[in-house]
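A.B. asks: Here my numbering = 1-based position in the sequence shown + 454.
What follows is a single structure, and I will ask about it in a moment.
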Amino acid sequence: MIQQLYIKDFALIDELEITFGQGLSVLTGETGAGKSVIVGALNMILGERADTEVIRKGSRKAIAEATISAGEDPVIRELLEALEIEYREELILRREIRDAGSRAFINDTPVTIAVLKQVGDHLVDLHGQHDHQLLLKEENHALVLDRFDDIRPLLKVYREEYEQMVSLKQELRILQKRERDLADKMELYEFQFRELEAASLDPEEEEAMESEMHLLDHAETLNMKAETVLAIGSENEVNVMDLIHSLKTALEEMAHIDPAFESYLEEVRSARISIQEAVQFTERYRDQIEFNPDRLEELRVRQSELNRLQKKYGRSVAELIEYQAFLDGELGSAESMDVELERLQSAIESQAEVLKGAAVALHNQRVASGERLSAEIVDSLKELGIPSGAFRVEVRWMTVEG
Numbered sequence: 455m456i457q458q459l460y461i462k463d464f465a466l467i468d469e470l471e472i473t474f475g476q477g478l479s480v481l482t483g484e485t486g487a488g489k490s491v492i493v494g495a496l497n498m499i500l501g502e503r504a505d506t507e508v509i510r511k512g513s514r515k516a517i518a519e520a521t522i523s524a525g526e527d528p529v530i531r532e533l534l535e536a537l538e539i540e541y542r543e544e545l546i547l548r549r550e551i552r553d554a555g556s557r558a559f560i561n562d563t564p565v566t567i568a569v570l571k572q573v574g575d576h577l578v579d580l581h582g583q584h585d586h587q588l589l590l591k592e593e594n595h596a597l598v599l600d601r602f603d604d605i606r607p608l609l610k611v612y613r614e615e616y617e618q619m620v621s622l623k624q625e626l627r628i629l630q631k632r633e634r635d636l637a638d639k640m641e642l643y644e645f646q647f648r649e650l651e652a653a654s655l656d657p658e659e660e661e662a663m664e665s666e667m668h669l670l671d672h673a674e675t676l677n678m679k680a681e682t683v684l685a686i687g688s689e690n691e692v693n694v695m696d697l698i699h700s701l702k703t704a705l706e707e708m709a710h711i712d713p714a715f716e717s718y719l720e721e722v723r724s725a726r727i728s729i730q731e732a733v734q735f736t737e738r739y740r741d742q743i744e745f746n747p748d749r750l751e752e753l754r755v756r757q758s759e760l761n762r763l764q765k766k767y768g769r770s771v772a773e774l775i776e777y778q779a780f781l782d783g784e785l786g787s788a789e790s791m792d793v794e795l796e797r798l799q800s801a802i803e804s805q806a807e808v809l810k811g812a813a814v815a816l817h818n819q820r821v822a823s824g825e826r827l828s829a830e831i832v833d834s835l836k837e838l839g840i841p842s843g844a845f846r847v848e849v850r851w852m853t854v855e856g
């Protein structure tokens, strides 16, 4: 029930606060006293449209607020908890109208007008010639019946099974679309996979191949320069080792006279060792130099093939390897897709039976509850002096395609 109504700067009302007691409350007054303004403010609180013209002249905003005792209402509790709004047995619904628009609140938490209307429609039923009435809205009939005999546990089971069916069908539609898309690309994917598989791609091949090509391409130069090093550094009539030996001997004699030459003598000794090692390495290297034009041509052909593939697919070798794995996965999934489709079809058929069972249980309970509700209303009509009054609840099946 509505416990309190607060209105401020609304139409002709400066500020008004009404506290309702237990039982029936009646607002009376002559024409123009403001009864319809109060009803209009209540309508606004319950989510009806409101125009900025309702703002009292000279005011910045109009406020209408109602404190409503909801008790323990599971429907409202579920709705508010879904919106993360604290549920209280006393709910405060407030509406503010400004020139810039309107705002709605439930327990001081901002909500949309749609939510405010949904809560308001459930809590308050305004009866009038053209005002909204809960029982006249066909979508509320099942809700009234379910609450009359507390059929909501069965409804909850049915909804869960229905959501499971919707989920399975959505999964099937996605898989069927994927199957169609893949079927269109299958021929291309198979060709691309075979082409990349035949290429035997290796992520490290390019770098190794370029290094080998560089050496083969410069084999003649390397051999010629190696011969030069060996000619200068080997024990011929005139070679660098003899010159360094002479230099070392001279520095040793000078160091005996002046120790200042000792450090330079060490440098010469070190240089002699380094040159010997360089000559020995060059000799070994020269023996391993490969003159192989056929191998060089083979590498160039391979490089050309890799460049062609990279240009064709717009990917590096590493990315081509990843793409090949993707193609392999797609082709593999195509093979297993029929099995998955069959599994989903079977799951949907099984779920249809489960859903049918839940629907039958809910339907039968609603039929039984409808009979009890009809009987109680007829009895109430008789108590009101309508002995021939009739009321019947009709529960019908509804088929939803898809």
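Using N, Cα and C, we set each Cβ at its ideal position, and we do this for glycine too.
Would you kindly check if the distance between the Cβ of L774 and the Cβ of Y767 is under 7 Å?
C.D. replies: The residue given as residue 767 occupies position 313 in the sequence shown. The residue given as residue 774 occupies position 320 in the sequence shown. Yes, the Cβ-Cβ distance between Y767 and L774 is below 7 Å.
A.B. asks: Identify whether K515 lies in helix, strand or coil by the three-state DSSP scheme.
C.D. replies: Working through the sequence shown from its first residue, we reach residue 515 at position 61. Of the three classes helix, strand and coil, the one that applies to K515 here is strand, per DSSP.
A.B. asks: Note down, in chain order, each residue of its chain lying with its Cβ closer than 6 Å to the Cβ of R548, except the 5 sequence neighbours on either side.
C.D. replies: On the sequence shown, residue 548 is found 94 positions in, with the first residue counted as 1. Excluding residues within five positions, the ones whose Cβ falls inside 6 Å are E519 and F559.
A.B. asks: How long is the line joining the alpha carbons of L470 and I492, rounded to whole angstroms?
C.D. replies: Locating residue 470 in the sequence shown gives position 16, counting from the first residue. Locating residue 492 in the sequence shown gives position 38, counting from the first residue. Spanning the two alpha carbons is a distance of roughly 9 Å.
A.B. asks: Does DSSP put V420 in a helix, in a strand, or in coil?
C.D. replies: Residue 420 cannot be examined here, being either before or after the span of the chain that is shown, 455 to 856.
A.B. asks: If you measure between the beta carbons of L622 and I802, is that distance less than 7 Å?
C.D. replies: Along the sequence shown, one-based indexing puts residue 622 at 168. Along the sequence shown, one-based indexing puts residue 802 at 348. Against a cut-off of 7 Å, the Cβ pair of I802 and L622 comes out as a contact.
A.B. asks: Count the other C-beta atoms from every protein chain shown that fall within 10 angstroms of the C-beta of N497, then say buried if there are 16 or more, exposed otherwise.
C.D. replies: Indexing the sequence shown from 1 puts residue 497 at position 43. Answer is buried; the Cβ neighbour count reaches 16.
A.B. asks: Apply the 10 Å Cβ neighbour rule to R552 and answer buried if 16 or more other Cβ atoms are within range, or exposed otherwise.
C.D. replies: Within the sequence shown, numbered from 1, the residue matching residue 552 stands at position 98. Exposed: under 16 other Cβ atoms inside 10 Å.
A.B. asks: Just mark I628 as buried or exposed, buried being the case when its beta carbon has 16 or more other beta carbons within 10 Å.
C.D. replies: To locate residue 628, count along the sequence shown from 1; it is residue 174. I628 is exposed by the Cβ-count criterion.
A.B. asks: Note the first and the last residue of the continuous alpha helix (DSSP H) segment covering K571.
C.D. replies: Within the sequence shown, residue 571 is the residue found at index 117, counting from 1. Note, K571: alpha helix (DSSP H), I567 to L577.
A.B. asks: Under 7 Å, do A779 and L636 count as touching if we go by C-beta distance?
C.D. replies: By 1-based counting over the sequence shown, the position of residue 779 is 325. By 1-based counting over the sequence shown, the position of residue 636 is 182. Against a cut-off of 7 Å, the Cβ pair of L636 and A779 comes out as no contact.
A.B. asks: Distance check for E502 and D585, CA to CA, integer angstroms please.
C.D. replies: The residue you call residue 585 lines up with position 131 of the sequence shown. The residue you call residue 502 lines up with position 48 of the sequence shown. For D585, the pLDDT reaches just 44, beneath the cut-off of 50, and the residue's location in the model is therefore unreliable, although a value from the coordinates is still provided. Taking the straight line joining both Cα atoms gives about 10 Å.
A.B. asks: State buried or exposed for S490, treating a residue as buried only when at least 16 other CB atoms are found within 10 Å of its CB.
C.D. replies: Residue mapping note: residue 490 aligns to position 36 of the sequence shown, counting from 1. Under this definition S490 is an exposed residue.
A.B. asks: Where M718 and E681 are concerned, what is the direct C-alpha to C-alpha distance, given to the nearest angstrom?
C.D. replies: Here residue 718 corresponds to residue number 264 of the sequence shown, with the count starting at 1. Here residue 681 corresponds to residue number 227 of the sequence shown, with the count starting at 1. According to the sequence displayed, residue 718 carries Tyr and not Met. Rounded to whole angstroms, Y718 to E681 spans 30 Å at the Cα level.
A.B. asks: Could you say if the stretch 749-757 and the stretch 699-718 meet the contact criterion of at least three C-beta pairs nearer than 8 Å?
C.D. replies: Taking 8 Å as the limit for Cβ pairs, the verdict is that the stretch 699-718 does not touch the stretch 749-757.
A.B. asks: Thinking C-beta only, is R531 closer than 7 Å to Y541?
C.D. replies: Sequence index remark: in the sequence shown, residue 541 carries index 87 (1-based). Sequence index remark: in the sequence shown, residue 531 carries index 77 (1-based). In this structure, R531 lies closer than 7 Å to Y541 by Cβ.
A.B. asks: Apart from the five residues on each side of it in sequence, which residues of its chain come closer than 8 Å, Cβ to Cβ, to E848?
C.D. replies: Residue mapping note: residue 848 aligns to position 394 of the sequence shown, counting from 1. The residues are G824.
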